[in-house]
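Numbering (our numbering), first residue to last: 1 to 153. From the three backbone atoms N, C-alpha and C, an ideal C-beta is built for every residue, glycine too. For clarity, every value in this text was computed on a predicted model and none was experimentally measured. See structure below.
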């Protein structure tokens, strides 16, 4: 399976979507030969995420219940990603690191996490906790000398 985060999801919540899917339906992982997670956005607290990601004006709008544009580094998606406080709260409540309602599925394929040691959006400790939670005989974390955005070229 060939996968590049920058082409698949442009670095926006792809890890969480995949992991939640296979946590609820482990059979969806059938046929996967390997998983590469780059700066996975897991274990985030809503207030902390809002403070780190959104400009002050949007922070106020979010807290007042408004829908705002989610910042993106890709001009192709600017003005297309909309988010509100409720969706952020749902994201946090259902995060696989914070949700212990379901057993952790076993991945019978290699899992690699790449995380920037200078990441100011998602702490490295969140990826370490994810690695600990993932059940696989072949898993590892690679620490990159970068921030949240890691160039995969």
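Within the stretch 39-108, complete alpha helix (DSSP H) segments of at least 4 residues are found at 46-53, 56-63, 85-93, given in chain order.
A residue is called buried once 16 or more other Cβ atoms fall within 10 Å of its Cβ, and residue 118, having fewer, is exposed. Residue range 14-24 is occupied by the alpha helix (DSSP H) that includes residue 14. In the displayed model, residue 149 falls within coil according to three-state DSSP, outside both helix and strand. Taking C-beta atoms as the reference points, residue 15 and residue 42 count as a pair closer than 8 Å. Note: residue 120 is not bridge-paired with any residue in the DSSP secondary-structure output.
Rounded to whole angstroms, the Cβ separation of residue 107 and residue 33 is 11 Å, and the two are not in contact under 8 Å. Within the same chain, 70, 71, 121 come within 8 Å of residue 53 by CB-CB distance, once the 5 residues on both sides are set aside.
Counting only the Cα atoms, residue 132 lies some 15 Å from residue 143. Using a Cβ distance threshold of 8 Å, residue 105 and residue 40 do not count as a contacting pair. For residue 68, same chain residues with a beta-carbon under 8 Å away, outside a window of 5 residues either side, are 54, 58, 61, 62, 82, 83, 84 in chain order. Taken atom to atom, the span from the alpha-carbon of residue 89 to that of residue 112 is near 27 Å. Under the DSSP definition of a beta bridge, residue 144 partners with 116. For a cut-off of 8 Å, the C-beta gap from residue 140 to residue 97 is around 18 Å, too long to register as a contact. Bridge partners of residue 35 according to DSSP: 111. Counting the other Cβ atoms within 10 Å of the Cβ of residue 92 gives 16 or more, which makes it buried.
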